[in-house]
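So in UniProt numbering, spot 234 of the sequence shown is number 234, and the numbers just go up one at a time. Think of the CB as a built atom: it goes at the ideal place given N, C-alpha and C, for glycine as much as any other residue. Have a look at the structure below before the remarks.
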Amino acid sequence: MAIPHSPTSRHSTPPPTTHTTKSLPYRHVPAGSYSSSTTAGLTSIKRSRPGTPANRQLPPPRSRESSGAYSYITPAASDDEVDDGLEDSGSDESDVESCCGDQLDEHILASSGDARFQHVVQPLLDHSLKRVREYIDIAQYDVPPDKQEAPRKRSRSSNWQSEPASPNNREHSDEEFVVVSPPRGKFHFSCPFYASNPQKHQQCLKKHDLVTLDNVITHVQRHHMRPLYCPICSQVFDSASQCDSHIVKRECELRELVLPEGINYYQKAKLARDDKPNLSDKRRWERINATVFPNEKSLSSPYLSSGLGLEVSMARDYWAKNGRAVVSDFLKKQGMLGEAWQDDEKAQAALCKLTLENLVNEMVEEHGSA
1 MAIPHSPTSR
11 HSTPPPTTHT
21 TKSLPYRHVP
31 AGSYSSSTTA
41 GLTSIKRSRP
51 GTPANRQLPP
61 PRSRESSGAY
71 SYITPAASDD
81 EVDDGLEDSG
91 SDESDVESCC
101 GDQLDEHILA
111 SSGDARFQHV
121 VQPLLDHSLK
131 RVREYIDIAQ
141 YDVPPDKQEA
151 PRKRSRSSNW
161 QSEPASPNNR
171 EHSDEEFVVV
181 SPPRGKFHFS
191 CPFYASNPQK
201 HQQCLKKHDL
211 VTLDNVITHV
221 QRHHMRPLYC
231 PICSQVFDSA
241 SQCDSHIVKR
251 ECELRELVLP
261 EGINYYQKAK
271 LARDDKPNLS
281 DKRRWERINA
291 TVFPNEKSLS
301 SPYLSSGLGL
311 EVSMARDYWA
321 KNGRAVVSDF
331 LKKQGMLGEA
341 WQDDEKAQAA
351 LCKLTLENLV
361 NEMVEEHGSA
């Protein structure tokens with residue numbers, strides 16, 4: 001019996017369809033640089049890590065300091081919490097606060113119900129400068145002790161007296177000779193960017209106090225990120241949308257690439273990942289500096305050990321310990337701490353913070369004009 005012929009079940013594959021796309025000029029954008037456009041009152045959707053919600057409110061846009069240098073950028077605090085696939089910075093909140101200071105309202109004096117504090121800003125600054133200079137003249141600062149150093153043994157007192165002094169003689173000598181030891185402190189750390197070019201990165205000294213190496217890492221991660229740029233003409237942009245719009249237009253001319261100063265996202269993650277707290281402070285700072293400037297051999301000191309940097313560090317230390325008392329005593333002498341102002345702690349705290357900022361700015365200006 002003949003078997004009827006059946007058509008084969010194998011179907012021929014249709015030829016692939018080709019799409020012609022217009023190529024755009026290549027630009028290198030570090031990981032995490034893209035973000036959706038912000039719209040007031042809307043919630044954007046970003047890719048999220050496991051265990052984190054996909055819907056999240058976009059952070060406020062970055063603000064740029066008016067220092068004339070592109071390398072000093074102040075991103076929003078939440079920008080540092082997410083690296084879009086890179087490792088976390090590893091810095092806790094205490095380091096962030098120590099680096100950037102307390103976020104007090106700068107307009108609290110102007111917005112308070114009584115503006116009596118406004119006219120004492122300059123007299124208080126003059127009074128505070130005098131007190132700070134007195135401290136700087138007698139204070140003695142040294143390198144912070146390394147964690148690896150063993151504690152020094154207590155030196156034995158030498159018995160230089162041939163016979164013990166009588167109580168009367170001891171009391172008499174105590175009245176005549178009063179030994180007052182000078183205040184002592186430890187050098188603060190320098191930002192690697194400030195150490196490489198103090199004049200260009202003066203904002204690091206004026207606005208940030210780096211007392212630990214964790215502060216240094218956090219400061220570099222938060223304030224020295226490389227801005228977005230066009231790889232064709234090297235123009236720098238504040239946002240990814242501006243950079244994308246510029247590149248899509250394809251109107252710029254090809255020029256020699258000039259990388260803007262700052263660290264990329266790989267260096268940002270490397271700062272925290274490769275930090276070894278068991279090393280000496282000097283060695284840790286050198287490793288941070290090598291990550292920031294991989295092609296340069298640094299001869300800079302990790303510390304603000306001389307000149308303007310040391311004086312500003314001393315002023316900050318003095319003010320941290322005595323600032324509130326100086327402000328309070330000055331206002332009392334001016335008759336401005338009556339019952340109406342006793343409870344206004346925020347206004348006094350803002351005045352104390354404002355005075356410290358004015359102190360540092362005045363010292364920097366005096367050093368520049370000297």
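Flag this pair as yes or no: are the beta carbons of residue i and residue j separated by less than 7 Å?
{"i": "residue 355", "j": "residue 128", "result": "yes"}
{"i": "residue 124", "j": "residue 330", "result": "yes"}
{"i": "residue 313", "j": "residue 224", "result": "no"}
{"i": "residue 364", "j": "residue 206", "result": "yes"}
{"i": "residue 289", "j": "residue 298", "result": "yes"}
{"i": "residue 190", "j": "residue 304", "result": "yes"}
{"i": "residue 192", "j": "residue 226", "result": "no"}
{"i": "residue 271", "j": "residue 232", "result": "no"}
{"i": "residue 254", "j": "residue 240", "result": "no"}
Report the partner residues of residue i according to the DSSP bridge assignment.
{"i": "residue 237", "result": "228"}
{"i": "residue 185", "result": "141"}
{"i": "residue 135", "result": "The partner list for residue 135 (beta bridge, DSSP) is empty, contrary to what the question assumes."}
{"i": "residue 303", "result": "189"}
Would you tell me roughly how many angstroms separate the C-alpha atoms of residue i and residue j, rounded to the nearest one?
{"i": "residue 208", "j": "residue 316", "result": "10 Å"}
{"i": "residue 210", "j": "residue 249", "result": "43 Å"}
{"i": "residue 256", "j": "residue 235", "result": "11 Å"}
{"i": "residue 243", "j": "residue 252", "result": "12 Å"}
{"i": "residue 142", "j": "residue 308", "result": "16 Å"}
{"i": "residue 278", "j": "residue 122", "result": "46 Å"}
{"i": "residue 198", "j": "residue 181", "result": "33 Å"}
{"i": "residue 275", "j": "residue 349", "result": "35 Å"}
{"i": "residue 186", "j": "residue 230", "result": "43 Å"}
{"i": "residue 221", "j": "residue 269", "result": "9 Å"}
{"i": "residue 247", "j": "residue 263", "result": "22 Å"}
{"i": "residue 287", "j": "residue 311", "result": "26 Å"}
{"i": "residue 344", "j": "residue 301", "result": "43 Å"}
{"i": "residue 366", "j": "residue 327", "result": "23 Å"}
{"i": "residue 237", "j": "residue 215", "result": "27 Å"}
{"i": "residue 117", "j": "residue 204", "result": "29 Å"}
{"i": "residue 138", "j": "residue 282", "result": "26 Å"}
{"i": "residue 319", "j": "residue 132", "result": "8 Å"}
{"i": "residue 357", "j": "residue 351", "result": "10 Å"}
{"i": "residue 323", "j": "residue 135", "result": "13 Å"}
{"i": "residue 184", "j": "residue 120", "result": "31 Å"}
{"i": "residue 306", "j": "residue 346", "result": "35 Å"}
{"i": "residue 325", "j": "residue 336", "result": "14 Å"}
{"i": "residue 126", "j": "residue 144", "result": "31 Å"}
{"i": "residue 213", "j": "residue 334", "result": "41 Å"}
{"i": "residue 245", "j": "residue 146", "result": "51 Å"}
{"i": "residue 368", "j": "residue 194", "result": "15 Å"}
{"i": "residue 321", "j": "residue 362", "result": "20 Å"}
Given that a residue counts as buried once 16 or more other Cβ atoms are within 10 Å of its Cβ, and exposed if not, what is residue i?
{"i": "residue 295", "result": "exposed"}
{"i": "residue 284", "result": "buried"}
{"i": "residue 266", "result": "exposed"}
{"i": "residue 201", "result": "buried"}
{"i": "residue 360", "result": "buried"}
{"i": "residue 258", "result": "exposed"}
{"i": "residue 140", "result": "exposed"}
{"i": "residue 332", "result": "exposed"}
{"i": "residue 219", "result": "buried"}
{"i": "residue 353", "result": "buried"}
Residue ranges of each alpha helix (DSSP H) run of no fewer than 4 residues wholly in the stretch 232-289, ordered along the chain? 240-249, 265-273
Fully enclosed by the stretch 188-218, which alpha helix (DSSP H) runs are 4 residues long or longer? You should have 192-196, 202-207.
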